[in-house]
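Per the numbering used here, residue 3 is the first one in the sequence shown, and the count goes up by one each step.
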Amino acid sequence: MATRRDYYEILGLGRNATEKELKTAYRKLAMKFHPDRNPDNPEAEKNFKEVAEAFAVLSDSEKRTRYDQGGHDAFGADFNPFGGMGFDVNDMNFGGMDFSQLFNMFAGGGRGAGRGRSGRPQRGEDIEFELSISFRAAVQGDTLEVRLPRKAACSACSGSGAKPGSGGDRCVACSGSGRMAQGRGGMQVAMACPRCHGSGRMPGSPCSPCAGSGRRGTEDKIRVRVPGGIHDGGKVLLSGKGNAGVNGGPPGDAYFRVRVAADETFSRDGRNLICEVPVGIANAALGGNVDVPGLDGATTISIPAGTRSGQKFRIRGKGVPANGRTPAGDLVAVIQIWPPEKLDKASRELLEEFRRLNPDR
């Protein structure tokens with residue numbers, strides 16, 4: 003059996019590609035390999051089918067998640083990436099179909115499409131925002147109150163997009179099925195009825211408050227729980243807090259990409275905290291006790307005689323706090339020897355005597 007190409011490779015995209023990037027790549031490649039532009043070129047038609055299949059899977063959030071987790075093996079042998087659309091691209095004859103038809107067939111049913119593309123329930127778009135937090139909030143965790151702009155279901159029409167009390171009669175064009183056969187020559191493709199947009203019912207007058215979209219912009223005040231130990235660039239997911247769905251579909255999710263501010267005292271290496279600790283010349287030479295700052299107060303450690311700048315001392319369990327099964331990190335103190343800025347007469351005489359006795363030190 004021939005090895006199937008990676009869907010992302012087919013579209014020339016990375017695995018973090020956005021929905022917009024997917025559509026842009028699909029449109030570009032589909033136009034390039036469209037059979038009408040490449041007559042009598044079986045390779046171009048093969049490439050076109052690969053592009054259409056890749057887009058059909060990656061533009062569907064559920065199918066994309068399955069593919070990201072298991073690749074082609076995540077689907078059975080009889081898997082149809084165009085499931086629910088009434089056709090299989092591998093059985094199609096594309097001659098005579100213009101690109102706009104094909105783009106609407108594959109891209110029109112994508113996640114978050116506007117009202118009028120399809121009468122079937124469609125999931126709302128995911129939304130993403132940046133959330134700036136302090137270093138200590140990232141390490142210890144925090145709950146923040148933020149304002150979340152999103153598209154919510156219109157309260158005037160309950161998300162239908164139609165003026166209350168209008169429309170609802172069976173569509174005469176498709177006899178209430180919501181689907182119509184379209185195509186040229188011997189090829190017939192089941193597509194959403196253009197008159198009722200696939201709902202099977204005649205649309206009513208547009209709802210005035212939402213202009214018929216079924217959704218209106220709003221801003222919710224919500225609380226976001228940031229887990230302790232999150233890194234700069236990490237994401238916090240709020241399931242179901244994205245844009246409202248279309249035609250009764252479920253809402254999308256909201257993601258907050260965390261931006262962690264730098265701290266004056268600490269830096270971080272995984273779950274370990276690192277801080278520089280100033281030590282005087284006498285303490286470094288003779289040894290002694292040193293206070294190391296920590297998240298929950300200072301810890302006193304003993305350093306040996308002859309300690310040098312850059313020497314590290316590890317305090318177990320005083321780094322990023324434990325989180326579930328993840329153990330706490332350590333606090334690493336990095337010694338920095340600081341000479342005194344000013345010397346009194348007695349101190350200077352002692353240091354001069356030390357230098358006389360130890361000319362090479």
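Built from N, CA and C at the ideal position, the CB exists for glycine as well.
| Item | Value |
| --- | --- |
| Mapping the DSSP letters down to three states, classify residue 106 as helix, strand or coil. | Residue confidence is low: residue 106 scores 48 on pLDDT, short of 50, so the model does not pin down where it sits. No coordinate-derived value is stated. |
| Can we say the stretch 11–27 touches the stretch 44–59, given the rule of at least three CB pairs closer than 8 Å? | yes |
| Quick check on the DSSP output: the alpha helix (DSSP H) that includes residue 232 runs from which residue to which? | Careful: residue 232 lies outside any alpha helix (DSSP H) and carries neither H nor E. |
| First and last residue of the beta strand (DSSP E) that includes residue 217? | 217–228 |
| Helix, strand or coil: how does DSSP classify residue 155 here? | strand |
| Using three-state DSSP, classify residue 285 as helix, strand or coil. | helix |
| For the alpha helix (DSSP H) that residue 25 lies in, which residues bound it at each end? | 21–35 |
| Look up residue 329 in the DSSP assignment and say whether it is helix, strand or coil. | coil |
| What separation, rounded to the nearest whole angstrom, lies between the Cα atoms of residue 201 and residue 207? | 15 Å |
| Here's the rule I'm using: 16 or more other beta-carbon atoms within 10 Å means buried, otherwise exposed. How should residue 258 be labelled? | buried |
| Going by DSSP in three states, residue 97 sits in which element: helix, strand or coil? | The predicted model places residue 97 with a pLDDT of 42, which falls under 50 and marks its position as unreliable; any figure quoted below should be read in that light. Correct three-state label for residue 97: coil. |
| Can you tell me where the beta strand (DSSP E) with residue 292 in it begins and where it stops? | 290–294 |
| Assuming contact is defined by CB atoms lying nearer than 7 Å, are residue 156 and residue 217 in contact in what I supplied? | yes |
| Count the CB pairs spanning the stretch 3–17 and the stretch 34–45 that are closer than 8 Å, and state whether there are at least three. | no |
| On the CB-based measure, 16 or more other CB atoms within 10 Å of its CB, does residue 283 come out buried or exposed? | exposed |
| Does residue 213 pass the burial test, meaning 16 or more other C-beta atoms within 10 Å, or should it be called exposed? | exposed |
| Among residues of its own chain, excluding the 5 on either side of residue 340, which ones have a beta-carbon nearer than 6 Å to its beta-carbon? | 280 |
| Got a sec, what are the start and stop residues for the alpha helix (DSSP H) residue 171 sits in? | Looking at the DSSP string, residue 171 is not in any alpha helix (DSSP H), and its letter there is neither H nor E. |
| Take residue 147 as the anchor and find which of 166, 165 and 224 has the nearest alpha-carbon. | 224 |
| Should residue 328 be labelled buried (16 or more other beta-carbon atoms within 10 Å of its own) or exposed? | exposed |
| Can you check DSSP and say which residues form a bridge with residue 148? | 224 |
| Hey, residue 288 and residue 307: beta-carbon distance below 7 Å or not? | yes |
| Going by DSSP, what residue range makes up the alpha helix (DSSP H) through residue 271? | Taken as a continuous stretch (DSSP letters only), residue 271 belongs to no alpha helix (DSSP H), being part of the beta strand (DSSP E) at 268–271. |
| By DSSP, does residue 258 sit in helix, in strand, or in coil? | strand |
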